[in-house]
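J.: Dropping the structure in here first, questions after.
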Amino acid sequence: HDPAIRKHLGLEKASDAEVFAEIRKRKDNF
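In terms of this note's numbering, the sequence shown opens at residue 279 and continues consecutively.
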């Protein structure tokens, strides 16, 4: 994943799975 995306989401310390899940969750809300 792009570190800029992690930073934007505030998930620099999160695992790839957590970042992916958060992105999925946000997309579902659009």
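We put the CB at the ideal spot given by N, CA and C, even for glycine. The structure displayed is predicted, hence computed values, not measured ones.
Quick check: the Cα distance between residue 284 and residue 290, rounded to an integer number of angstroms?
T.: Cα to Cα, the separation comes out at about 5 Å.
J.: Just verifying my parser: in three-state terms, what is the DSSP assignment at residue 291?
T.: Three-state DSSP puts residue 291 in coil, outside helix and strand.
J.: In whole angstroms, what is the alpha-carbon distance linking residue 305 and residue 282?
T.: When rounded, the distance between both Cα atoms is 17 Å.
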